[in-house]
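Undergrad: To start, I am sharing the structure in question, which I have written as structure tokens.
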Amino acid sequence: MQRSTDRVLTTHVGSLARPEALLDTMREKEHGRPYDADLFARQVTEAVADVVARQRETGIDVVTDGEMGKVSFATYVQRRLDGFSPDSGERLLPPSWQVEIDAFPDYYEGYLGKYSKTVAPMQSVACVGPVSYTGQEELQTDLANLHKALAGVSGVVEAFMPSTSPRGFGRNEFYASDREYYEAVGEALREEYLAIVDAGFLLQIDDPWLIEILSDPTLEPAERDRTAREHAEIVNHSLRDIPTEKIRLHTCYGLNHGPRIHDIGMGEVAPYMLGIRAGGYSFEVANPRHMHEWKIWQDLPLPEGSVLIPGLLGHAQNYVEHPELIADMIGWYASAVGRENVIASADCGFSSRASYAPEVHPTVVWEKFRALSQGAEIATRRLWA
């Protein structure tokens, strides 16, 4: 993992809006209806090439494929794991969501309607047999598309590929304990993790579930602590022997773009986050419930060799952040952990699910990226003056 050795590097979290024509084909595919598989493959390849080129045009140094071929940052993996079947039980929202919905029912009545614009509803699944990885072909297509796209642009510092953590997409009905179940999922996903690194990319683990565990109001504090530590152990085991400098960990407060008055503080999260072995830690900052929390890093030591990847672009609103503010925020973190240990990023993905109405309008995302690059240039002049 490259560091900000002589200038502030820029990146983001992963998902970007898919082109509408690709969404049309993906919708048929996800609903099990007839679709043109060759057309879908071409559309994904072209979409990856386009978003990689546009990331560089807007000044992003560490790029990715935008998750063009995935229906969701998390549930895509349901297609790549064996041992699951559709879950006949009621799909429940995470407990942290329910607390907010109960507090602001009128707001959420309208907000939740946005999910009608996704290409397919989220499928709830249950584990009914031994878990194994069967997504080799899809994964190799993703890796090949990113390699091909990178060959067509210059100036890329590094490339990463997101992969989900072993939690949050299926219920256990097979293993004797949830820990045994998550360990089995982690062992299966390890094949994907290894393949991404072996292909020469940084591996990003998408893990909103850590904060969800720590936010769960149905658990007593001691149980939240035990479960979060167990979760970190399981993720670490799935990452064993992968060089730390090849791993980015992304955790966030989820895709709930609401009032968020029940969010726990980042100071409560960070010690558990740092317990997961990674070379870079990505987390929310532009979220105004957490912008002030940069101060925790004045007293909290980073693991040796690691960098912070604070999210300085909001993924829940269409304002374009001012480059001067971005530069100021970079300066906050640089003052706490050192300028070389900060890579400027975004709070979360900009289209976490394949949707005709992504979280932030695609035209706005590119302007946000330009602002991030401009802010990084201003911060570089300040920090390396």
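Yeah, the sequence shown ends on 384 if you go by numbering that gives the first Met the number 0, and it's all consecutive. For each residue, glycine too, the CB sits at the ideal point set by N, CA and C. These numbers come from a predicted model, not from an experiment.
#1: Helix or strand or just coil, what does DSSP make of Arg-352?
#2: Determine the direct distance from the alpha carbon of Tyr-132 to that of Asp-81, and round the result to whole angstroms.
#3: Where are the beta strand (DSSP E) runs, 3 residues long or more, that stay fully inside the segment 271-356, in chain order?
#4: Rounded to whole angstroms, what is the Cα-Cα separation between Glu-157 and Ile-308?
#5: Counting C-beta neighbours from all protein chains within 10 Å, is the total for Glu-222 16 or more, i.e. buried, or is it exposed?
#6: According to DSSP, simplified to helix, strand and coil, what is Ile-204?
#7: May I ask which residues mark the beginning and end of the alpha helix (DSSP H) holding His-236?
#8: By the three-class DSSP mapping on this structure, what secondary structure does Tyr-34 have?
#9: Please give me, in chain order, every unbroken run of the alpha helix (DSSP H) with length at least 4 that falls completely inside the segment 142-195.
#10: Since Lys-245 and Gly-278 are thought to touch, with beta carbons under 8 Å apart, how far apart are those beta carbons, to the nearest angstrom?
#11: Is Asp-60 helix, strand or coil when you go by DSSP?
#12: Flag this pair as yes or no: are the beta carbons of Val-234 and Ser-305 separated by less than 8 Å?
#13: Using the Cα positions of Val-124 and Ser-84, report the straight-line distance between them to the nearest angstrom.
#14: Would you report the Cα separation of Asn-144 and Ala-333, rounded to the nearest angstrom?
#15: The beta strand (DSSP E) that contains Asp-23, what's its start and end?
#16: Let me make sure I understand the geometry here. Which of Ala-378, Tyr-355, Arg-380, Ala-343 has the alpha-carbon closest to that of Lys-367?
#17: So what does DSSP say about Gly-109, is it helix, strand or coil?
#18: Are the beta-carbon atoms belonging to Phe-72 and Ser-115 less than 8 Å from one another?
#19: For my contact list, Ala-315 and Glu-358 are in at a C-beta cut-off of 8 Å; report their separation, rounded to the angstrom.
#20: What is the DSSP secondary structure of Gly-82, reduced to helix, strand or coil?
#21: In this structure, how does DSSP classify Asp-127 when only helix, strand and coil are distinguished?
#22: Considering Cα atoms alone, identify which of Arg-166, Met-160, Thr-74, Tyr-110 is closest to Phe-200.
#23: Where do the N-terminal and C-terminal ends of the beta strand (DSSP E) with Ile-246 fall, by residue?
#24: Applying the criterion that 16 or more other CB atoms from any shown protein chain within 10 Å of the CB defines a buried residue, is Glu-283 buried or exposed?
#25: The alpha helix (DSSP H) with Asp-101 in it runs from where to where?
#26: Near Ala-187, which residues of its chain fall below 7 Å by C-beta distance, leaving aside the five closest residues on each side in sequence?
#27: My output table needs one value for Ile-252: the three-state DSSP class, helix, strand or coil.
#28: Straight-line CA distance for Gly-112 to Val-98?
#29: Would you call the segment 363-382 and the segment 37-45 in contact, with 3 or more CB pairs under 8 Å?
#30: Just to confirm the assignment, what range does the alpha helix (DSSP H) spanning Trp-365 have?
#31: Under 8 Å, do Val-47 and Ala-148 count as touching if we go by C-beta distance?
#32: Report buried or exposed for Asp-206, applying the criterion of at least 16 other Cβ atoms within 10 angstroms of its Cβ.
TA: Taking the coordinates as given:
#1: Looking up residue 352 in the sequence shown gives position 353. Looking at Arg-352 - three-state DSSP - the assignment turns out to be strand.
#2: Numbered from 1 along the sequence shown, position 82 holds the residue referred to as residue 81. Numbered from 1 along the sequence shown, position 133 holds the residue referred to as residue 132. Whole-angstrom Cα-Cα distance: 6 Å.
#3: 279-283, 306-310
#4: As a working note, residue 157 is residue 158 in the sequence shown. As a working note, residue 308 is residue 309 in the sequence shown. Cα to Cα, Glu-157 sits roughly 14 Å from Ile-308.
#5: The residue given as residue 222 occupies position 223 in the sequence shown. Its Cβ having fewer than 16 others within 10 Å, Glu-222 is exposed.
#6: Here residue 204 is taken as the residue at index 205 of the sequence shown, counted from 1. Three-state DSSP puts Ile-204 in a strand.
#7: Position 237 of the sequence shown holds residue 236. Run containing His-236: 220-237, per the alpha helix (DSSP H) assignment.
#8: Counting from one through the sequence shown, the residue named residue 34 turns up at place 35. Coil at Tyr-34, not helix or strand.
#9: none
#10: Position 246 of the sequence shown, counted from the start, is the residue given in the question as residue 245. Position 279 of the sequence shown, counted from the start, is the residue given in the question as residue 278. The pair is a contact, with the Cβ atoms about 7 Å apart (cut-off 8 Å).
#11: Position 61 of the sequence shown, counting from 1, holds the residue named residue 60. It is coil, neither helix nor strand.
#12: Residue 234 sits at position 235 when you count from the first residue of the sequence shown. Residue 305 sits at position 306 when you count from the first residue of the sequence shown. Their beta carbons are not under 8 Å apart, which means Val-234 does not touch Ser-305 by this criterion.
#13: Taking the sequence shown and counting its residues from 1, one reaches residue 124 at position 125. Taking the sequence shown and counting its residues from 1, one reaches residue 84 at position 85. Those two C-alpha atoms are separated by around 5 Å.
#14: Here residue 144 refers to the residue found at position 145 when the sequence shown is read from its first residue. Here residue 333 refers to the residue found at position 334 when the sequence shown is read from its first residue. When rounded, the distance between both Cα atoms is 35 Å.
#15: As a first step, residue 23 is located in the sequence shown; it is residue number 24 there, counting from the start. Careful: Asp-23 lies outside any beta strand (DSSP E), inside the alpha helix (DSSP H) at 19-29.
#16: The residue labelled residue 367 in the question sits at position 368 within the sequence shown. If we check each option's Cα against that of Lys-367, Ala-343 comes out closest.
#17: On the sequence shown, position 110 is the one that residue 109 refers to. Reduced to three states, the DSSP call for Gly-109 is helix.
#18: For the purposes of this step, residue 72 is taken as the residue at position 73 of the sequence shown. For the purposes of this step, residue 115 is taken as the residue at position 116 of the sequence shown. Not closer than 8 Å, so no.
#19: Taking the sequence shown and counting its residues from 1, one reaches residue 315 at position 316. Taking the sequence shown and counting its residues from 1, one reaches residue 358 at position 359. With 8 Å as the limit, Ala-315 and Glu-358 qualify as a contact, their Cβ atoms being about 6 Å apart.
#20: What you label residue 82 is simply residue 83 of the sequence shown in a count that begins at 1. In the structure shown, Gly-82 sits in a strand (DSSP, three-state: E or B).
#21: Locating residue 127 in the sequence shown gives position 128, where the first residue counts as 1. Note that residue 127 is Val in the sequence shown here, rather than Asp. Three-state DSSP puts Val-127 in a strand.
#22: Here the question's residue 200 lines up with position 201 in the sequence shown. Of the candidates Arg-166, Met-160, Thr-74, Tyr-110, the one whose C-alpha sits nearest the C-alpha of Phe-200 is Met-160.
#23: Position 247 of the sequence shown, counting from 1, holds the residue named residue 246. Looking at the DSSP string, the run of the beta strand (DSSP E) that includes Ile-246 is 246-249.
#24: As a first step, residue 283 is located in the sequence shown; it is residue number 284 there, counting from the start. With 16 or more other Cβ atoms within 10 Å, it is buried.
#25: Against the sequence shown, residue 101 aligns to sequence position 102. Where Asp-101 is concerned, the enclosing alpha helix (DSSP H) stretches over 94-102.
#26: For the purposes of this step, residue 187 is taken as residue 188 along the sequence shown, with counting starting at 1. Answer for Ala-187: Leu-80, Val-130, Ser-131, Tyr-132, listed in chain order.
#27: If you number the sequence shown from 1, residue 252 lands on position 253. Ile is not the amino acid found at residue 252; the sequence shown has Tyr there. In this structure, Tyr-252 counts as coil in the three-state DSSP scheme.
#28: Here the question's residue 112 lines up with position 113 in the sequence shown. Here the question's residue 98 lines up with position 99 in the sequence shown. Looking at the two C-alpha atoms, the distance is approximately 18 Å.
#29: no
#30: Taking the sequence shown and counting its residues from 1, one reaches residue 365 at position 366. Residues 361-382.
#31: As a first step, residue 47 is located in the sequence shown; it is residue number 48 there, counting from the start. As a first step, residue 148 is located in the sequence shown; it is residue number 149 there, counting from the start. Yes, Cβ-Cβ distance for Val-47 and Ala-148 is below 8 Å.
#32: Locating residue 206 in the sequence shown gives position 207, where the first residue counts as 1. The residue is buried, with at least 16 neighbouring Cβ atoms inside 10 Å.
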